[in-house]
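The sequence shown begins at 448 in the numbering used here and counts up one residue at a time.
The beta carbon of each residue, even a glycine, is placed where N, CA and C say it ideally should be.
Fair warning: this is a prediction, and the values are worked out from it, not measured in the lab.
Working notes, beginning with the structure itself.
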Amino acid sequence: MLLSSPANTLPSVKMVASAITGTSIMPVSFRHQTSSLPSSRSLRKNVVSVLQSPYSDSSAIGFSSNKLRIPLKLNEHESEAFTNSRYGVIEAKEGISNPPIMPAVITPGGALDLSTVLFRNRIIFIGTPINSAVAQKVISQLVTLATIDEYTDILIYLNCPGGSTYAVLAIYDCMSWIKPKVGTVCFGAAASQGALLLAGGEKGMRYAMPNARIMVHQPQSGCGGHVEDVRRQVNEAVQSRQKIDSMYSAFTGQPIEKVQQYTERDRFLSASEAMEFGLIDGMLETEY
Numbered sequence: 448m449l450l451s452s453p454a455n456t457l458p459s460v461k462m463v464a465s466a467i468t469g470t471s472i473m474p475v476s477f478r479h480q481t482s483s484l485p486s487s488r489s490l491r492k493n494v495v496s497v498l499q500s501p502y503s504d505s506s507a508i509g510f511s512s513n514k515l516r517i518p519l520k521l522n523e524h525e526s527e528a529f530t531n532s533r534y535g536v537i538e539a540k541e542g543i544s545n546p547p548i549m550p551a552v553i554t555p556g557g558a559l560d561l562s563t564v565l566f567r568n569r570i571i572f573i574g575t576p577i578n579s580a581v582a583q584k585v586i587s588q589l590v591t592l593a594t595i596d597e598y599t600d601i602l603i604y605l606n607c608p609g610g611s612t613y614a615v616l617a618i619y620d621c622m623s624w625i626k627p628k629v630g631t632v633c634f635g636a637a638a639s640q641g642a643l644l645l646a647g648g649e650k651g652m653r654y655a656m657p658n659a660r661i662m663v664h665q666p667q668s669g670c671g672g673h674v675e676d677v678r679r680q681v682n683e684a685v686q687s688r689q690k691i692d693s694m695y696s697a698f699t700g701q702p703i704e705k706v707q708q709y710t711e712r713d714r715f716l717s718a719s720e721a722m723e724f725g726l727i728d729g730m731l732e733t734e735y
């Protein structure tokens, strides 16, 4: 049997003790790590704008290694390691519905989904029919952005086929109530009550893309039930049309009679026609 001497084991014990002591004083957080929750005044400065502003000739900043002072490209060794990693491959399993993977943008503070990037750049996108749930979300975003910074403009991007009259009026009331100016930009189409929301943006900040289509018409309503119920529903529909026609008249500067002619039936307008009528203030130029 071989017995090791204490003299031989002592260095090993010292090495283990040194390793334990060394790991015990390691800090929990990174030395230069900063908080991921910036203050309200520095919130906009911490986020890089990736969308070009329609109100100036400035180009988009974009995410670049020069701007962020970090390498955004993987070298050959890192790319191979990421490809071979089990986290780099998403496998579809039979019989299991995989959740959709939302696109993300890599920032110094971590990965952000697209909705968060838009929100931090004070952009709200409406791409569905507007119901009470959509209105609640948009209103909460407007109020939150106004609380963060009441002096910086907000943009609402619209590709909206319409929606509930009450829900759209709720969003418009919030746009008019908060201190920041709220501009509107139409992509694709703004129809029915979506056109009303487009025209309700801040004067001088209502835009449409050259190929966008705007459709205006009178409110639609269905009636049913007892005779008295039908009468009340008809009265409510008539009052809604009068209210919306008066709003269009105020937004466009057109007389109420001309507005009623436009909204009598579905009327589709190009961006130039909508600008001539007064629904928007300008078109955003594109290559085609």
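- In the structure shown, G641 falls within a helical segment according to DSSP collapsed to helix, strand and coil.
- With a contact defined as Cβ atoms closer than 8 Å, I625 and I603 miss out at about 12 Å.
- For G729, the pairing in a beta bridge is given by DSSP as Y654.
- Under DSSP, A636 takes part in a beta bridge, and its partners are R660.
- Segment contact: the segment 569-587 against the segment 615-622, three or more CB-CB distances shorter than 8 Å; contact assigned.
- Between S687 and P666, the gap from beta carbon to beta carbon is short of 8 Å.
- Q708 is classed as exposed because its beta carbon has fewer than 16 other beta carbons within 10 Å across all chains shown.
- Close CB contacts of F715 within its chain, under the 7 Å cut and outside five residues either way in sequence, are with R660 and M662 (chain order).
- Taken in chain order, the unbroken stretches of beta strand (DSSP E) that lie wholly in the segment 571-608 and span 3 residues or more are 601-607.
- Sixteen is the threshold: since fewer than 16 other Cβ atoms of the shown chains lie within 10 Å of the Cβ of H673, the residue is exposed.
- Using a C-beta cut-off of 8 Å, the segment 726-735 makes contact with the segment 634-653, since at least three inter-stretch Cβ pairs fall below that distance.
- Using a 10 angstroms sphere on the CB of L561, the tally of other CB atoms stays under 16, which defines it as exposed.
- Taking a C-beta distance under 8 Å as the contact criterion, G574 and N606 qualify as a contact pair.
- Taking the Cα of D713 as reference, the smallest distance to any Cα among A637, S693, Q689 and M652 is reached at A637.
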